[in-house]
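Protein chains in written order, with our numbering: chain A, 1 to 664; chain B, 1001 to 1141; chain C, 2001 to 2300.
Structural data, given as C-alpha cells:
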C-alpha cells in the first residue's frame, strides 16, 4: 500500500541545462516556488544537474538534509532517469524515490512564451512533488540471460555480428531467407573507395561462418514467431524445403548441368534478370552452403510429375536430392537477437520519366554491378541489351532519393557507387561517361580522394537533376540513342546529351516486409520505414525492446564500412548482456493485494503475456513478476483496485493529476 | 471571462510511443501551445477511467490520452483496452454535460513528433473556443 | 439514368466546335443522356487564375452551383483547362477559407451554393470508366480508314487535379483507340507542351514546340494526331502552313479530337463529326472520307 511513511523530506533540483531550459523557463522563480511547497526540505537550481557536481548536490543533500525523496526538473526521463537514480543510490537512498519532471523536451524546447513555459514548469513540479511523497522503496528485478544469440539476416552485417559473437564463445543461430548468405554485397563487383573485389573480401567471411563450430546456419529459412522476454526468447524458425539435402550434398553441382532444361529459361534473380537459370540452381558459385535449390514453380517434376529426373540420376549414390522434402519447424531459445535484414533498392519503374523498363538500355546500378562483374551474366563484358558496346554512358544520381515525390532521404552510398561505376565502365568500355548529380557526397575515409581520381579520369560531371530520358530525337545525330535532358545548373542552360546507355543510381529503401518483421519482433520503425534505434546518437544499435539489436541497412542506408562497424557494435552490446548473464528489470510490475481480491477473474484475460493465473485453492489471482512487463492494463481493469502497479500506483497518479490542477 | 482564459489539458502519454513522440517534438524544437501537462504511464491501457473523471472533477478543461497505433502497442494489446474504455468514458462524460471535444484519444507513434504538435494545437484551439469546463453556477442555471 | 451535365466552355463554341459536334454524337450513339448546363459562364481558367484567384474561383464555382441546383450528378467538361479549373475550385473552396468565403459571398445573392457533390468529369474518363473498353469495342462497327494515330494528351490531363491516368505515361486514349480498332504509335512526347497560349504571345517559341510534336509524330509513323484538348488541337492544327514554310521536310497531317475518331468507329454520319472544320491535313481527310470530299474542300 502506498502511503506517506513517516516524515517526507523532498529535495527539488531544477536544472538550467545551460540555456536550454534557463533560456525560456525562469529557473530561479521555479526553484523559489518549489522551496515553498509542502514537504520540500531543500530546493536548488544548477547549471547541469546530470554532471558530476550536479549529482553531487543530490548525494550531499541526502546525507546533510536527511532527504528521503528527490525531484529533478530537467530533461526527459528517457535520457537521465538512470543517472539520477544512481546518484540517489550513491547518496544512500533507495533509487526509486526519484521522480523526474520533463521541463526541457516537453517545455522549454517547445514553447516560446517565457511566462507560459514557467507556469507549465511550476504545475509539473508541483505535481511531481505531490507524487513523489507516495513513492516507496523498490528493488530492481533480475532476469537471467541465455548465452545463445539469434542473428536474422545473413548479409555482411549479419555475418560479422554472428562471427563476433561466435568468437566470443556464444552459440549463434544465423537465419537467412535466401538460399545463400552474402546478401547484396555478394552482388557487387568492386567496393569503393579501394576497389577491392567484393566477393574476395566477403567469401572468406562466408566460409568462416560455415566452418565455425559455434554457428548454426539455417538458410532458406524464416523466423515465423518469437515469444518470451529479454534473455529468454522462444523463437520458431521455419526452414523451407530446398529439395536437396544439405547433409548429403557434396557440392559437385553436376545436377545443375544434368537438368533436362538444356537452355536455362528462368530469369536469374542474383544476376538481376540479366541471365537465366534452370529450376535447379545455385545463386552464385561461392554460395554458402554449396547446396543447390530446386524451385518448385518452374521445375517440371513439380509442375507435371513427368520429368526424367536426370538430376537425381547423376547424383547417384549420394541420394542428396529429395523431392518429397517438407518444411521443417525449429524451436530455439536465445538470449539476444540481432536484426540485420538489410535493404531493398528503389524500384526504378516508379520514376517512369527515366524510362526504366521501357527503353532496353536503361539499367539500374545493381544491374551494372552484375554486368561488369567477371562472374556475371556476360563475364564482365559490358554489352547492351540491344547488342554492342556503349560509347557513351549517362549515370543519373539520386533516383528515388532526395525526392519529395518518392523518397526524401539521401541514400548515402549512391554518389560513391556512381563514381565507382563510372570508373569501372570507363575501364571496361573506354566510353564517354557523364555523371548527373545534385551534390557530390563523399564524406568517408578516402572518398574525396576517390572523387578527385574520377575527375582526373575525364569523366564529365554535370550538376543538375535529370528531367527526362527520351528516345525522341531532335537532330539526326541523336537518332538511335537515349537523350538525357537536364539543366546544367553551373553552366546555366538546358542540355540534351545523347548516350547509348543510362544507369540509374537507385536509392536504398526499407524492405517491403519491414512492417511485418518489426511487428514480429515488437520493435518500431521510423517514419521512413527503417527500424528505429533507441537513440540516434547514444544508442544507435539498441531498440526499445530489450535484448533486440539492429545492424546494417535495416536501420538506415549506409556503406559497408559503417555496416560492419555497426554490426560489431550490435554484437558487442549483445555480448555485454550475455556475458553479464543477467539483466536488471524495471520494478514496475503489477501485483495483487490478496486480501481484497474477490476472484472475479477480470484480470486474467486482459494480460497479453499470460502473467496472471488464478489460484484455485485461495480463489484469488496471482501475477508472475517475471512474466509481467508492467503495462498496467490489469491495474486499470481491476474493478476493486486490488491490482496495483509499482512505480505507477493509483495514489501516485491521482496526486499528479491534482498537483497539475491545484490552481486550475 | 475577466482575464484571458487558457484551457488546461491533462495528458496521459504512453511511455513507448506518445511520450517519445513528444520528446521528438522537443528535440526537433517543434513549437506548440503550452496548455498541456503530461503524465507518463507505461501504456495507454494503464489509464484508469477514474483518472479521467478525477481530472475533470478537479478542473481540467480537457483530457488527452495518447497511445500507440492499433497493432503497434509495445505491450501488444493495451491500446485496444484503452480504446474500449475510452468509448464508455465518452458516453459517461457527455451525460455529465461535458462537451465531446474535451476528451480525446489519439494514436501517435514515436516517430510522429509533428503530430503531437498538431493534436495539441487543435485541441487547445477547440477548448479555447468552448470556454472553461467549469462554469459558474449562475451560467449553468 | 441521370443525364450528364454538359459544360462546353468558350472554346467548344468557338475554335473547338468540332469537339462539341463529335462529343454529342458519341454520347448519342452510346445512349448516354447529356444536357447542356443552362446559363453557364466562363470557367475562369488560364489567365484569370494567375491574376485574381478569388474571382476566377467565383466564376468556376457558379457553374458548379448551377449544376448542383440542376440536380446533376456529373458535369462533363471536355476542355481540359475547364475540367482542371472546375476540379481545382472544388478543392480550393474547402481548403482555403479565404476563397470559400469569397465564393459564398459572391454566389449568395443568387441563392447559389457550391456543394462538392457534383463530380467534374472529362469525357475521356467518362468513356473509359462509365462506358468501358469492352462496350466501345462491341459498338465499333467501322474500320478507321485513316492509318495510325499518335495519341497526344497535352499537359492538363496529367496535372495533380486531373483524375486517373499516370502522369508520365497516360494510356486511356490509346486504349480507347484500340478498343475502337484504331492502331496507335508509340509517342513519347504525349504530354510535352503544345505551346499553349505561347503560339499567340511568343510565336517563335510556340511554333517550335508545335513543330517538335508534329515532326516526332511523323517520325513515329503516325498519319494523324489525336487529342483531348481544344487548345492543343488548335495549336497543332492551325499553324502547319507556317511550319511547312519554315522546313522543307515538314509534312502536314490532320489533328483530330478523339471523339471524332470514336464517332466514326461507332457508325456516325461523318457530316456530323465536324471533319470539315479541319485546317490542316485536308488532303488526307478528303482521301479517307471520300463522301466528305466536297465539304472538306469547300470549307475555308
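Note that the Cβ used here is the ideal one computed from N, Cα and C, for glycine as well.
Membership of residue 2090(C) in the alpha helix (DSSP H) is indicated by the continuous run 2080-2095. Across the set 2083(C), 2221(C), 2097(C), the C-alpha of 2083(C) shows the shortest separation from the C-alpha of residue 2007(C). By a beta-carbon distance limit of 8 Å, residue 401(A) does not contact residue 392(A). Their separation comes to about 24 Å. In this structure, residue 173(A) and residue 218(A) form a Cβ contact; the two beta carbons are roughly 7 Å apart against a cut-off of 8 Å.
Chain order gives the chain B residues near residue 519(A) as 1071, 1072, where near means a beta carbon separation below 8 Å. Shown here for residue 53(A): not one same chain residue has a beta carbon closer than 6 Å to its own, the five before and five after excluded.
For a Cβ distance threshold of 8 Å, nothing in chain A lies close to residue 1100(B): the least Cβ distance comes to about 20 Å. Rounded to whole angstroms, residue 66(A) and residue 56(A) show a C-alpha spacing of 15 Å.
For residue 147(A), no Cβ of chain C is located within less than 7 Å of the residue's own Cβ. Annotation: residue 341(A) to residue 290(A) spans about 22 Å, alpha carbon to alpha carbon. Collapsing the DSSP output to three states places residue 191(A) in a strand. When C-beta distances to chain B are compared with 8 Å, the residues of the region 57-90 of chain A below that value are 76, 77, 78, in chain order. In this structure, the CA atom of residue 145(A) is about 10 Å from the CA atom of residue 584(A). Distance from the Cα of residue 1021(B) is smallest, within the candidate group 78(A), 496(A), 198(A), 64(A), for 78(A). Residue-level contact by beta carbon fails for residue 360(A) and chain C, as no gap is shorter than 7 Å. Assignment of residue 212(A) by DSSP, reduced to helix, strand and coil, places it in the coil class. If you draw a 10 Å sphere on the C-beta of residue 1040(B), you find 16 or more other C-beta atoms in it, and that means buried. For residue 2026(C), the uninterrupted alpha helix (DSSP H) segment begins and ends at 2017-2029. A straight-line Cα-Cα distance of about 30 Å links residue 263(A) and residue 206(A). Within the region 2152-2163 of chain C, no residue has its Cβ closer than 7 Å to any Cβ of chain A. When beta bridges are read from the DSSP output, residue 2225(C) appears opposite 2150(C), 2255(C). For chain C, none of the residues of the region 486-506 of chain A brings a beta carbon within less than 8 Å of one of its beta carbons.
Flagged as an interface residue toward chain B: residue 631(A), by a C-beta distance shorter than 7 Å. By the neighbour-count criterion, in which 16 or more other beta carbons inside 10 Å mark a residue as buried, residue 566(A) falls on the buried side. One Cα belongs to residue 51(A), the other to residue 507(A), and the distance between them is close to 42 Å.
Each residue's CA atom was taken as its position, placing residue 2123(C) and residue 2078(C) some 6 Å apart. Interface criterion not met: the Cβ of residue 636(A) is under 7 Å from no Cβ in chain C.
Boundaries for residue 2199(C): no beta strand (DSSP E) harbours it, while the alpha helix (DSSP H) harbouring it runs 2198-2201, taken from the DSSP string. Within the same chain, 2065 come within 6 Å of residue 2112(C) by CB-CB distance, once the 5 residues on both sides are set aside. Not flagged as an interface residue toward chain C: residue 115(A), since no C-beta distance is shorter than 7 Å. Flagged as an interface residue toward chain A: residue 2168(C), by a C-beta distance shorter than 7 Å.
Relative to the Cα of residue 2233(C), the nearest Cα in the group 2057(C), 2011(C), 2001(C), 2004(C) belongs to 2011(C). Looking at the DSSP output, residue 267(A) sits in a beta bridge with 276(A). Contact of residue 474(A) with chain C by beta-carbon distance below 8 Å involves 2212. Residue 1115(B) does not reach chain A, its nearest Cβ partner there being about 10 Å away, counting only Cβ pairs nearer than 8 Å. DSSP lists 1063(B) as the bridge partner or partners of residue 1103(B).
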